[in-house]
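Structure first, then comments.
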Amino acid sequence: MQFDKRAWLDRIKRMFAGFDRPLALIVFLLLCVGIVTLYSASLDVPGRVEDQLRNIMLTFVLMWALANVPPTTLMRFAVPLYTFGIALLVAVALFGLTRKGAKRWINVGVVIQPSEILKIATPLMLAWYYQRREGVMRWYDFLVGLVILAVPVGLIAKQPDLGTAVLVFAAGLFVIYFAGLSFKLIVPVLIAGVIAVASIAAFQDKICQPEVQWPLMHDYQKHRICTLLDPTSDPLGKGFHTIQAVIAIGSGGPLGKGWLKGTQAHLEFIPEKHTDFIFAVFSEEFGLAGGIVLLTLYMLLIARGLYIAANGATLFGRLLAGSLTMAFFTYAFVNIGMVSGILPVVGVPLPFMSYGGTALTTLGVAIGLIMSVARQKRLMQS
Numbered sequence: 189m190q191f192d193k194r195a196w197l198d199r200i201k202r203m204f205a206g207f208d209r210p211l212a213l214i215v216f217l218l219l220c221v222g223i224v225t226l227y228s229a230s231l232d233v234p235g236r237v238e239d240q241l242r243n244i245m246l247t248f249v250l251m252w253a254l255a256n257v258p259p260t261t262l263m264r265f266a267v268p269l270y271t272f273g274i275a276l277l278v279a280v281a282l283f284g285l286t287r288k289g290a291k292r293w294i295n296v297g298v299v300i301q302p303s304e305i306l307k308i309a310t311p312l313m314l315a316w317y318y319q320r321r322e323g324v325m326r327w328y329d330f331l332v333g334l335v336i337l338a339v340p341v342g343l344i345a346k347q348p349d350l351g352t353a354v355l356v357f358a359a360g361l362f363v364i365y366f367a368g369l370s371f372k373l374i375v376p377v378l379i380a381g382v383i384a385v386a387s388i389a390a391f392q393d394k395i396c397q398p399e400v401q402w403p404l405m406h407d408y409q410k411h412r413i414c415t416l417l418d419p420t421s422d423p424l425g426k427g428f429h430t431i432q433a434v435i436a437i438g439s440g441g442p443l444g445k446g447w448l449k450g451t452q453a454h455l456e457f458i459p460e461k462h463t464d465f466i467f468a469v470f471s472e473e474f475g476l477a478g479g480i481v482l483l484t485l486y487m488l489l490i491a492r493g494l495y496i497a498a499n500g501a502t503l504f505g506r507l508l509a510g511s512l513t514m515a516f517f518t519y520a521f522v523n524i525g526m527v528s529g530i531l532p533v534v535g536v537p538l539p540f541m542s543y544g545g546t547a548l549t550t551l552g553v554a555i556g557l558i559m560s561v562a563r564q565k566r567l568m569q570s
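Residue numbers (the working numbering): 189 to 570.
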């Protein structure tokens, strides 16, 4: 039987027809940078890079599968997935496993963290809701959206898991904003936030005393914020992460110390250097120049995602792609901010850089959903 090269090439092209090439290229470059940095950060732990490569392969399969699923099909899973996720969060609150003072996991044959499901299910549910209300939207629809968002955010924050709660809240809030929420209603909240931050900074000597209780916050969350304002107040405790990460970033200089030559990382001064603080390892070895390249890749990722969202064929597609794209911005902003010492340490991974299968899978699913929206638009134009 004669081998038909052209037929095989056409078949391969059809297999990857769902991929948005610019977006796939950006993700590929970020994964390459991540593997290179992880190798340096994990010299003392053999096998970690191999584990991450397996995670990447699984993520690639999920990304490919979801990119080929029409958004109309995705809409059918919005309510069941959201309901299932909420049910699991309630089960965690009742029967969950407690580790390091947090109840975030549940054993259903395998141990899972249900809050990861809500990172996708919440914006999916909100996009479905506003798609159904298209053309007849009223002011109370935004209140309904806030309730849909508040339920998972409240359950996750209670675990407590402030980092994941922030990510779920941001992803959901972007859907509500893109659906038409007036910016005039957001401005007062932003002003209140600025006033609150300024007040904490101005009166930190008084309100950061051990006997002072902060409403709606755990003691460890209060301690993180107070340590952010003055890391030297607990240099060997909560402030250690921030101090060592800032030293690593600053010591990298304009061009960095070179790959595998970072002293802060290899002398074990940087905690969680393969996960939450991998940006400190990268900055020490590749310097300001490397940091600019990395930030450029993230900006290109966000720009491409927003382009796909703006050109989505349906309101559901536009809301879903827009919110998931801005979720990547939130991931990167919060992680780099906490490593650089301008935000509290909340345990948010750096997209496609940090080690870990669960977070990488969630990010891959998000990219696959964005590609699905792009594919629908291309099919309508062809």
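All residues carry an ideal CB built from backbone N, CA and C; glycine is no exception.
Nearest candidate by alpha-carbon position, reference Gly-478, set Gln-401, Gly-222 and Leu-551: Taking the sequence shown and counting its residues from 1, the one referred to as residue 478 is at position 290. The shortest CA-to-CA distance from Gly-478 to any of Gln-401, Gly-222 and Leu-551 is the one to Gly-222.
Quick one: residues in its chain with C-beta nearer than 8 Å to the C-beta of Met-189, no 5 flanking neighbours on either side, listed in chain order? Residue 189 sits at position 1 when you count from the first residue of the sequence shown. Only weak support is given to the placement of Met-189: the predicted model assigns it a pLDDT of 45, under 50, and the value that follows is read from those uncertain coordinates. Closer than 8 Å at the Cβ level, and outside the excluded window around Met-189, lies no residue.
In whole angstroms, what separates the C-alpha of Val-553 from that of Tyr-317? Along the sequence shown, read from residue 1 onward, the residue named residue 553 stands at position 365. Along the sequence shown, read from residue 1 onward, the residue named residue 317 stands at position 129. Their backbone Cα atoms lie some 20 Å apart in a straight line.
Any contact of the stretch 463-475 with the stretch 504-517, i.e. 3+ C-beta pairs under 8 Å? Counting C-beta pairs closer than 8 Å gives fewer than three between the stretch 463-475 and the stretch 504-517, which falls short of the contact rule.
Who does Ile-294 pair with in a DSSP beta bridge? Counting from one through the sequence shown, the residue named residue 294 turns up at place 106. Ile-294 is bridged to Ile-300.
From the DSSP output, in three-state form, read off Thr-286 for me. Indexing the sequence shown from 1 puts residue 286 at position 98. DSSP places Thr-286 within a strand segment (E or B) once states are collapsed to three.
Would Gly-381 be called buried (16 or more neighbouring beta carbons within 10 Å of its own) or exposed? Residue mapping note: residue 381 aligns to position 193 of the sequence shown, counting from 1. Classification for Gly-381: exposed.
Opening and closing residue of the alpha helix (DSSP H) in which Pro-376 lies: Counted from its first residue, the sequence shown places residue 376 at position 188. Unbroken alpha helix (DSSP H) run through Pro-376: 371-390.
Would you kindly check if the distance between the Cβ of Leu-312 and the Cβ of Ala-266 is under 9 Å? As a first step, residue 266 must be located in the sequence shown, where it is residue number 78. As a first step, residue 312 must be located in the sequence shown, where it is residue number 124. In this structure, the beta-carbon distance from Ala-266 to Leu-312 falls below 9 Å.
From Leu-269 to Met-263, what distance separates their C-alpha atoms? Numbered from 1 along the sequence shown, position 81 holds the residue referred to as residue 269. Numbered from 1 along the sequence shown, position 75 holds the residue referred to as residue 263. Distance between Leu-269 and Met-263, taken at the CA atoms: about 10 Å.
Which residue spans inside the stretch 217-268 form an unbroken alpha helix (DSSP H) run of at least 4? Whole alpha helix (DSSP H) segments, 4+ residues: 236-255 and 259-264.
Answer yes or no: the CB of Leu-213 versus the heavy atoms of the ligand SAM, is any distance below 8 Å? The ligand SAM is not part of this structure, which contains no ligands at all.
Which residues in the same chain have their Cβ closer than 8 Å to the Cβ of Leu-250, if we skip the five residues on either side of it in sequence? In the sequence shown, counting from the first residue as 1, residue 250 sits at position 62. If the five residues before and after Leu-250 are omitted, its C-beta is found closer than 8 Å to the C-beta atoms of Thr-549, Gly-552, Val-553 and Gly-556, all from its own chain and listed in chain order.
Spatial distance of Ala-468 from Val-237 (CA atoms): For the purposes of this step, residue 468 is taken as residue 280 along the sequence shown, with counting starting at 1. For the purposes of this step, residue 237 is taken as residue 49 along the sequence shown, with counting starting at 1. Distance between the alpha carbons of Ala-468 and Val-237: 18 Å.
The stretch 334-344 / the stretch 352-361 touching (three or more Cβ pairs under 8 Å): By the Cβ criterion, the stretch 334-344 is in contact with the stretch 352-361, since at least three pairs of Cβ atoms, one from each stretch, lie closer than 8 Å.
Near Gly-333, what residues of its chain come up, given a Cβ to Cβ distance below 6 Å and the 5 sequence neighbours on each side ignored? Working through the sequence shown from its first residue, we reach residue 333 at position 145. So the qualifying residues of the chain are Leu-314 and Ile-364.
Could you give the DSSP three-state label for Gly-368: helix, strand or coil? As a first step, residue 368 is located in the sequence shown; it is residue number 180 there, counting from the start. DSSP places Gly-368 in coil when its eight states are reduced to three.
For Ala-433 versus Ser-542, is the C-beta distance shorter than 9 Å? For the purposes of this step, residue 433 is taken as the residue at position 245 of the sequence shown. For the purposes of this step, residue 542 is taken as the residue at position 354 of the sequence shown. The answer is no: Cβ separation not under 9 Å.
Can you check which of these residues, Arg-292, Val-375, Leu-211 and Gly-438, is closest to Lys-346 by C-alpha distance? For the purposes of this step, residue 346 is identified with residue 158 of the sequence shown, where counting begins at 1. When each option's Cα is compared against that of Lys-346, the closest is Arg-292.
contact_flag[the stretch 215-231, the stretch 482-490] where n(CB pairs < 8 Å) is 3 or more: The answer is yes - the stretch 482-490 touches the stretch 215-231, with three or more Cβ pairs under 8 Å.
Tell me whether Gln-432 sits in a helix, a strand or coil according to DSSP, three-state version. As a first step, residue 432 is located in the sequence shown; it is residue number 244 there, counting from the start. Residue state for Gln-432 is assigned as helix, using DSSP reduced to three classes.
Look at Phe-330 and Leu-378 and say whether their C-beta atoms are less than 9 Å apart. Counted from its first residue, the sequence shown places residue 330 at position 142. Counted from its first residue, the sequence shown places residue 378 at position 190. No, the pair does not count as a contact, with Cβ atoms beyond the cut-off.
According to the Cβ coordinates, are Met-514 and Phe-272 closer than 9 Å? Here the question's residue 514 lines up with position 326 in the sequence shown. Here the question's residue 272 lines up with position 84 in the sequence shown. The answer is no: Cβ separation not under 9 Å.
If you follow the alpha helix (DSSP H) that Gly-475 is part of, which residue opens it and which one closes it? As a first step, residue 475 must be located in the sequence shown, where it is residue number 287. Note, Gly-475: alpha helix (DSSP H), 466-498.
Using a C-beta cutoff of 9 Å, does Ala-554 count as contacting chain D? Structure shown: chain D not included; a single protein chain is present.
State yes or no: is the C-beta of Phe-540 within less than 9 Å of the C-beta of Leu-219? As a first step, residue 540 is located in the sequence shown; it is residue number 352 there, counting from the start. As a first step, residue 219 is located in the sequence shown; it is residue number 31 there, counting from the start. Between Phe-540 and Leu-219, the C-beta gap is smaller than 9 Å, which places the two residues in contact.
Under 8 Å Cβ to Cβ from Ala-279, same chain only, skipping five residues before and after it: list those, please. Stepping through the sequence shown from its first residue, residue 279 is reached at position 91. Its chain contains Ile-294 and Pro-302 as the residues whose beta carbon lies nearer than 8 Å to that of Ala-279, once the 5 sequence neighbours on both sides are disregarded; these appear in chain order.
Cutting at 6 Å between CB atoms, please list the residues of its own chain near Gly-440, excluding the five before and the five after it. Translated into the one-based positions of the sequence shown, residue 440 becomes position 252. Beyond the five residues adjoining it in sequence on each side, Gly-440 comes within less than 6 Å, by CB distance, of Ser-471, Glu-472 and Gly-475 in the same chain, given in chain order.
In chain order, what residues of the same chain have a beta carbon less than 7 Å from the beta carbon of His-462, not counting five sequence neighbours either side? One-based indexing of the sequence shown puts residue 462 at position 274. Excluding residues within five positions, the ones whose Cβ falls inside 7 Å are Leu-226, Ala-229, Ser-230, Arg-236 and Tyr-543.
Trp-327 versus Phe-283, Lys-307, Ala-367 and Arg-506, residue with shortest Cα-Cα distance: Within the sequence shown, numbered from 1, the residue matching residue 327 stands at position 139. Nearest C-alpha to Trp-327: Ala-367.
Helix, strand or coil for Trp-316 per DSSP? Start at 1 with the first residue of the sequence shown, and residue 316 comes out as number 128. Of the three classes helix, strand and coil, the one that applies to Trp-316 here is helix, per DSSP.
Do you know whose CA, among Gly-446, Arg-563, Asp-464 and Ala-562, lies nearest Gly-525's CA? Looking up residue 525 in the sequence shown gives position 337. Ranking the options by Cα distance to Gly-525, first place goes to Asp-464.
Within its chain, find whatever has a CB closer than 7 Å to the CB of Ala-255; leave out the 5 residues flanking it on each side and keep chain order. The residue you call residue 255 lines up with position 67 of the sequence shown. In its chain, beyond the 5 residues on either side, Gly-206, Phe-207, Gly-556, Met-559, Ser-560 and Arg-563 have a beta carbon closer than 7 Å to the beta carbon of Ala-255.
If you compare alpha carbons, which of Leu-350, Asp-239, Thr-310 and Pro-348 is closest to Val-335? Counted from its first residue, the sequence shown places residue 335 at position 147. Check the Cα spacing between Val-335 and each of Leu-350, Asp-239, Thr-310 and Pro-348: the tightest is with Thr-310.
According to the Cβ coordinates, are Phe-504 and Pro-259 closer than 9 Å? The sequence position of residue 504 within the sequence shown is 316, counting from 1. The sequence position of residue 259 within the sequence shown is 71, counting from 1. Going by beta carbons, Phe-504 and Pro-259 fall inside the 9 Å limit.
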